[in-house]
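In this note's numbering, the protein residues as written are 361 to 646. Step one of this worksheet: look at the structure below.
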Ligand SMILES: O=C(O)CCC(=O)C(=O)O
Ligand SMILES: [Fe+2]
């Protein structure tokens with residue numbers, strides 16, 4: 361499990377981030393992130409985690425869709441609801457948000473003071489419309505370096521006609537969002553390609569990169585866990601910080617508290633800001 365360097369570390373942030381990248385052999389993934397705007401790490405998580413996450417997501421979607429429990433391989437009953445706020449559904453999601461490959465790549469993209477924004481699942485069934493190409497950075501302007509990035513874990517094999525992740529290689533350099541219908545539609549955009557991968561792989565995409573998903577043309581479910589991280593000054597998509605319990609903090613390393621934003625001094629009330637938190641964040645992550 362990756363841990364952010366502790367407060368006593370003598371190393372600069374740059375040394376820590378590139379140290380992790382070298383230790384984990386992720387150098388080629390950094391080049392891909394720069395050139396294409398995304399990169400795939402195979403076998404990022406073990407099979408038991410994949411299976412556990414599927415179960416929990418199917419539990420939540422069953423509950424919210426008010427349907428019979430869908431079978432992963434045979435469901436043909438139409439659209440189902442998304443999974444979200446998954447961090448609070450099961451500790452397996454605490455583990456996945458701290459995945460060492462993803463954290464190392466995210467630190468490269470977003471800096472070590474990044475926070476968790478959402479743990480979400482796009483549940484795709486036969487008949488769902490394709491997900492239009494979009495960028496994930498929801499701030500007013502796209503930026504370099506980016507302020508938002510997503511790690512999308514495949515929980516089933518991704519294949520084009522089974523609802524694979526779609527991406528436009530190099531679109532991270534365009535510095536604008538897709539607008540024309542021919543740019544947005546994954547089937548019309550001639551530069552869009554499917555990212556086919558095995559369950560347990562993760563695709564890390566920077567916030568400027570155009571991506572979406574193909575239609576699922578066969579029965580069964582296309583499930584993922586999409587973990588979004590952002591810079592600490594940006595409003596997170598989910599109320600992560602507000603939902604964290606003491607037992608979640610107790611069973612995780614201290615770096616988890618930073619990741620879920622509880623050490624951010626912003627958002628104070630009548631009692632005033634707790635600058636000891638500001639100090640710990642800035643001194644730890646220069
Ligand atoms: O896999 C998908 O359905 C695409 C999801 C997406 O847009 C994302 O993870 O940011
Ligand atoms: Fe997205």
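Glycine included, C-beta positions come from ideal geometry on N, C-alpha and C.
* When you compare each of 622, 612, 527 and 466 to residue 453 by their alpha carbons, which one comes out closest? -> 612
* **Residue burial classification, residue 540 (beta-carbon count within 10 angstroms, cutoff 16)** => exposed
* residue 504, DSSP secondary structure in three states -> coil
* **Given residue 469 as reference, the closest of 406, 397 and 513 once Cα atoms are compared** => 397
* Under the assumption that residue 417 contacts residue 481 (Cβ atoms under 8 Å), give the Cβ distance between them as a whole number of angstroms. => 5 Å
* Please report the residue range of the alpha helix (DSSP H) in which residue 647 lies. => The structure shown does not extend to residue 647, since the chain spans only 361 to 646, so no value can be given for it.
* From residue 371 to residue 378, what does the alpha carbon distance come to, in whole angstroms? -> 11 Å
* For residue 371, which of helix, strand or coil comes out of DSSP? -> coil
* Mapping DSSP to helix, strand and coil, what is residue 399? -> strand
* Looking at residue 337 and ligand 2, is the gap between the Cβ and the nearest heavy atom below 7 Å? -> The shown model of the chain, from 361 to 646, leaves out residue 337, and the question about it has no answer.
* **Where residue 412 sits in the DSSP three-state scheme** => helix
* Asked: Span of the alpha helix (DSSP H) holding residue 463?
  -> 460-470
* the region 431-443 in contact with the region 501-509 per 3-pair CB rule at 8 Å -> no
* To do: Measure from the alpha carbon of residue 573 to the alpha carbon of each residue in 514, 467 and 425, then state which is nearest.
  => 514
* Return yes when the Cβ of residue 401 is within less than 8 Å of the Cβ of residue 562, no when it is not. => yes
* Asked: Enumerated in chain order, which unbroken segments of the alpha helix (DSSP H) with a length of 4 residues or greater are wholly contained in the region 494-558?
  -> 541-544
* Asked: If we count Cβ pairs, one from each stretch, closer than 8 Å, do we get three or more for the region 541-554 versus the region 567-586?
  -> yes
* Asked: Helix or strand or just coil, what does DSSP make of residue 596?
  -> coil
* Cβ neighbours of residue 479 in the same chain (closer than 7 Å, five flanking residues each side left out) -> 446, 447, 453, 457, 585 and 587
* Using 7 Å as the cut-off, classify the Cβ of residue 510 as near or not near the heavy atoms of ligand 1, replying yes or no. => yes
* Quick one: residues in its chain with C-beta nearer than 7 Å to the C-beta of residue 365, no 5 flanking neighbours on either side, listed in chain order? => Note that residue 365 scores a pLDDT of 47, beneath 50, so its modelled location is shaky; the value from the coordinates is reported in the next line. The residues are 371 and 376.
* Considering residue 446, what are the terminal residues of the alpha helix (DSSP H) in which it resides? -> Note, residue 446: premise wrong, no alpha helix (DSSP H); not H, not E.
* Asked: With DSSP run on the structure shown, which of helix, strand or coil describes residue 476?
  -> strand
* Note down the Cα distance separating residue 555 from residue 635, rounded to an integer number of angstroms. => 44 Å
* To do: For residue 414, I'd like the list of residues in its chain whose CB is within less than 7 Å of its CB, leaving aside the five on either flank, ordered along the chain.
  => 432, 515 and 583
* Whether residue 528 touches residue 496 by CB criterion (8 Å) -> no
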